[in-house]
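Below is one structure, written out as structure tokens, with a few remarks after it.
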Amino acid sequence: MIKRLKLNKMRLALLVGLPVLLSACIDDEVEVEVIREVEVEVIVEVEVPAPVPTPVDVSYEVTLTNLTNSQPLSPAAVVLHADGHLFSVGEVPSVALEQMAEGAMTAGLLALGMASASGAGVIGPGGSETISVTIQDVTDAKLSVTTMLVNTNDAFSGLDALDLSTLAVGDSWTATANVYDAGTEVNSEAAGTMPGPADGGEGFNATRTDTGFVSMHPGVVTGDDGLTNSVLTVQHKFDNPAMRIMVTRIE
Ligand SMILES: [Ca+2]
Ligand SMILES: [Ca+2]
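No gaps in the numbering here: position 26 of the sequence shown is 24 in my numbering, and each next residue is one more.
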């Protein structure tokens, strides 16, 4: 037996009126179908996207000064990276480092950075250049710098993975940089083997003919030292350091 009742028509002072059909089996004999109108408050949750913060520029000026007597420095690579190293003494050099140290090619090293900048040109002995590099929202990058001593087979100077996290706006950091041997090309100092103005010889060569690891550079042997096939003179010799590096965070 079905008993149909209309019960309790309700109206709430809220939003939407909806007919609701309620069926209930009360016992074996009575089934009550309740129709009532209720008003339902509909709460619609709308996801409002969080405001996108405006990127903040973090910028550095890197001033390089050539301290050598007669070793032009190739256009420098200034690289901001998250971690890792561009070079490490005792470690096998990357091809990108080999290309820079033998032939002043920096594209490979520059590509390793979250941000990077290239020097505008050669820094002659006694000269300096300030290179700016900017990254957004990152204040704990590592800074690496490399440049080739171009009157050598594979000597370079630079800085590896300086932690910038403590450098506040306006702060500066200064150090002198030593000369390293990339370990990829034997230091023959012979005519035809060095790309700088003393020789005008070969730059990068994919063959590796040296120790195979990065080391401090032992120095060049020149014609004045009695190496008859060397195109270098005593003026091309260098004692560490070869470059001064000043880093200033400007924003
Ligand atoms: Ca070498
Ligand atoms: Ca090589």
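Ideal Cβ positions, reconstructed from N, Cα and C, are used throughout, including at glycine. These numbers come from a predicted model, not from an experiment.
What residues in its chain sit with their C-beta under 7 angstroms from that of residue i, if we drop five residues either side in the sequence?
i      : result
GLY199 : ALA189, GLY190, THR191, MET192, PRO193
VAL93  : GLY106
VAL90  : GLY210, PHE211
MET98  : ALA75, THR104, LEU107, THR144, MET146, PHE154
HIS215 : ALA153, VAL177, TYR178, ASP179
Does the Cβ of residue i have 16 or more other Cβ atoms within 10 Å, making it buried, or fewer, making it exposed?
i      : result
ILE121 : buried
VAL40  : exposed
ASP138 : exposed
VAL177 : buried
ASP169 : exposed
GLU96  : buried
SER130 : exposed
ALA166 : exposed
ALA80  : exposed
THR150 : buried
When every heavy atom of ligand 1 is checked, does at least one fall within less than 8 angstroms of the C-beta of residue i?
i      : result
GLY198 : no
THR145 : no
ASP158 : no
ASP135 : no
ALA180 : yes
GLU284 : The chain is shown from -1 up to 249; residue 284 falls before or after that span and cannot be answered.
GLU96  : no
THR209 : yes
VAL219 : no
Relative to ligand 2, is the shortest distance from any of its heavy atoms to the C-beta of residue i smaller than 8 angstroms?
i      : result
ASP152 : yes
PHE202 : yes
THR205 : yes
GLU100 : yes
Take residue i and list the residues in its own chain whose beta-carbon comes closer than 6 angstroms to its own, dropping the five residues that flank it on each side.
i      : result
HIS83  : ASP158, ALA159
VAL229 : ALA189, ALA196, ASP197
THR63  : SER126, ARG242
ASP208 : GLY181, THR182, GLU183, VAL184
THR132 : ASP55, SER57
ILE248 : SER57, GLU59
CB residue i to CB residue j, shorter than 9 angstroms?
i      : j      : result
VAL76  : ALA115 : yes
THR145 : LEU71  : yes
ASN203 : GLU45  : no
LEU162 : LEU147 : no
THR128 : VAL218 : no
ALA74  : GLY111 : no
LEU65  : THR174 : yes
ALA102 : GLY201 : yes
Considering only residues of the same chain and omitting the five flanking positions on each side of residue i, which have a CB-CB separation below 8 angstroms?
i      : result
ASN67  : PRO123, GLN233, HIS234, LYS235, PHE236
THR220 : GLU187, SER228, LEU230, THR231, VAL232, HIS234, LYS235
THR172 : ARG242, ILE243, MET244, VAL245
VAL143 : VAL60, LEU62, ALA74, ALA75, VAL76, VAL77, GLY156, LEU157, ALA175, ILE243
GLY119 : PRO73, GLU127
With hydrogens ignored, establish whether the beta-carbon of residue i is closer than 8 angstroms to any heavy atom of ligand 3.
i      : result
GLU183 : Among the ligands present in this structure, namely ligand 1 and ligand 2, ligand 3 is not found.
Quick check on the DSSP output: what are the complete alpha helix (DSSP H) runs of length 4 or more inside the stretch 29 to 106, in order along the chain?
The qualifying runs are 93 to 101.
Any beta strand (DSSP E) of 3 or more consecutive residues that is wholly inside the stretch 152 to 221
Taking only runs of at least 3 residues, the beta strand (DSSP E) segments lying wholly in the stretch 152 to 221 are 153 to 161, 170 to 175, 177 to 179.
I'd like the ranges of any beta strand (DSSP E) spanning at least 3 consecutive residues and lying wholly in the stretch 119 to 151.
The qualifying runs are 126 to 134, 140 to 146.
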